[in-house]
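Undergrad: In our numbering, the protein residues as written are 1 to 273.
For every residue, glycine included, the Cβ atom is placed at its ideal position computed from N, Cα and C.
Nothing here was measured: the structure is a model prediction, and the numbers come from that model.
The structure's right below; bear with me while I get my questions together.
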Amino acid sequence: MKLSVVIPNYNGEKWMLKCLSHLESGLKIVSESEVYIIDNGSSDGSIEVIRPILGKKNQHLIKNKKNLGFARAVNQAAIQAQGELILILNNDCLVASDTIEKLLATMKKYPKYVATQPVVKKGKVIENIGYLVDTWQGRAKVISDTNLLKELDKRYIYGLSATCLLIKKSVFTNVGMFDEKFHSYLEDVDLFLRLHKQGYQYGATIDATCQHEHMATSSKMGSYKQKRDLLNWIRIILKNFSLGHILQHLPILLVERLRNLSGLLKAVIIKGL
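So, in structure tokens, the structure goes:
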């Protein structure tokens with residue numbers, strides 16, 4: 001089974017070689033693989049760092065003239081990818097040497113699964129094992145405790161993080177891939193709401209790990225993340241929730257959007273536009 005790895009990059013010079021070095025170690029157990037790096041118009045030395053490794057077989061570079069967003073970058077590579085499975089990987093995410101092996105083992109053990117992710121850590125602390133979408137508030141709560149996965153009430157929908165996500169290409173393309181209107185952030189929440197609605201099964205690989213330098217890219221982009229959080233939650237609600245559901249929970253949905261707006265205003269004041 002061929003595996004296609006997809007790594008979007010925007011000004012990730014500091015992280016790309018680390019990411020690729022860890023990835024190379026993990027891919028040794030895969031009989032056939034390819035790597036797509038999608039550069040979103042980086043202005044740092046990313047391309048110079050990447051270029052020396054591109055002579056290797058099955059290493060591909062897609063260069064965009066400007067930042068088209070994480071969602072578009074992943075989709076560009078997914079369309080070209082030859083693998084039955086796609087590993088979507090943040091450029092600031094370092095997979096352990098056995099991560100890919102364990103992710104593939106999960107997909108084999110649970111043939112109905114269409115996607116899985118490892119436990120994402122920052123240092124020794126668990127950053128996420130996916131998230132729960134609170135459909136009443138329109139908010140995603142990061143899961144850092146496996147006990148939260150045992151009993152889910154219908155108010156909550158479980159989803160996986162695109163930080164390090166293994167997914168079947170056929171399913172990813174059949175559901176429409178990432179919605180490119182999201183640009184970056186929450187595109188994975190939208191994707192898994194759609195997968196859940198269509199009855200697909202998926203789950204985390206609890207014994208696999210990766211290290212993530214959370215927000216390594218967006219921390220350099222002012223209030224960008226806060227803007228996307230506000231706009232993309234509005235988009236998620238209008239796209240994935242019925243009118244009846246929105247009206248029923250409108251007060252709490254509005255309160256949560258005001259919280260997003262407050263976060264944006266604080267970021268603008270502190271970081272500037």
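Any idea what DSSP makes of D190, helix, strand or coil?
TA: What you label residue 190 is simply residue 190 of the sequence shown in a count that begins at 1. If DSSP states are grouped into helix, strand and coil, D190 belongs with the helices.
Undergrad: When DSSP labels each residue in this structure, what does I143 get in the three-state scheme?
TA: Here residue 143 refers to the residue found at position 143 of the sequence shown. In the structure shown, I143 sits in coil (DSSP, three-state: anything other than H, G, I, E or B).
Undergrad: If you reduce the DSSP assignment to three classes, tell me which class E180 lands in.
TA: In the sequence shown, counting from the first residue as 1, residue 180 sits at position 180. E180: helix per DSSP, three-state reduction.
Undergrad: Please confirm whether G69 and S46 have their CB atoms less than 9 Å apart.
TA: The count along the sequence shown starts at 1 and reaches residue 69 at position 69. The count along the sequence shown starts at 1 and reaches residue 46 at position 46. Taking 9 Å as the Cβ cut-off, G69 and S46 do not qualify as a contacting pair.
Undergrad: Shortest alpha-carbon distance to L132 belongs to which of K112, L186 and H212?
TA: Your numbering for residue 132 matches position 132 in the sequence shown. Here the closest residue by C-alpha is L186.
Undergrad: From the DSSP output, read off the bridge partner residues of K168.
TA: Here the question's residue 168 lines up with position 168 in the sequence shown. Paired residues: L85.
Undergrad: CB V268 to CB G199, shorter than 9 Å?
TA: Here the question's residue 268 lines up with position 268 in the sequence shown. Here the question's residue 199 lines up with position 199 in the sequence shown. Not closer than 9 Å, so no.
Undergrad: Name the residue from V74, H196, T99 and W15 whose alpha carbon lies nearest to the alpha carbon of T173.
TA: Walking along the sequence shown from the start, residue 173 turns up at place 173. The closest CA to that of T173, considering only V74, H196, T99 and W15, is found on V74.
Undergrad: Within this structure, are the beta carbons of I86 and L3 separated by less than 9 Å?
TA: Within the sequence shown, the letter at position 86 stands for residue 86. Within the sequence shown, the letter at position 3 stands for residue 3. Taking 9 Å as the Cβ cut-off, I86 and L3 qualify as a contacting pair.
Undergrad: If I follow the unbroken beta strand (DSSP E) through K63, where does it start and stop?
TA: Here residue 63 refers to the residue found at position 63 of the sequence shown. Taken as a continuous stretch (DSSP letters only), the beta strand (DSSP E) holding K63 covers Q59 to N64.
Undergrad: What's the gap between the Cα of R155 and the Cα of S242?
TA: Sequence index remark: in the sequence shown, residue 155 carries index 155 (1-based). Sequence index remark: in the sequence shown, residue 242 carries index 242 (1-based). In a straight line, the C-alpha of R155 is about 14 Å away from that of S242.
Undergrad: Since D134 is in the beta strand (DSSP E), which residue starts that stretch and which ends it?
TA: In the sequence shown, the residue the question calls residue 134 occupies position 134. Here the beta strand (DSSP E) through D134 covers Y131 to D134.
Undergrad: Just the C-alpha distance for L165 and W233, rounded to the nearest angstrom, thanks.
TA: Here residue 165 corresponds to residue number 165 of the sequence shown, with the count starting at 1. Here residue 233 corresponds to residue number 233 of the sequence shown, with the count starting at 1. Cα-Cα distance, rounded: 21 Å.
Undergrad: Do the region 104–123 and the region 192–211 touch if we need at least three Cβ pairs shorter than 8 Å?
TA: The region 104–123, when compared against the region 192–211, does touch it at the 8 Å Cβ threshold.
Undergrad: Ignore the nearest five residues each way along the sequence and tell me which others in K169's own chain have a CB closer than 8 Å to its CB.
TA: On the sequence shown, position 169 is the one that residue 169 refers to. Cβ within range, chain order: S4, A78, A81, G83, E84, L85 and I86.
Undergrad: Can you find the residues in the same chain that come closer than 6 Å, C-beta to C-beta, to A162, ignoring five residues on each side of it along the sequence?
TA: Counting from one through the sequence shown, the residue named residue 162 turns up at place 162. The residues are I88 and D188.
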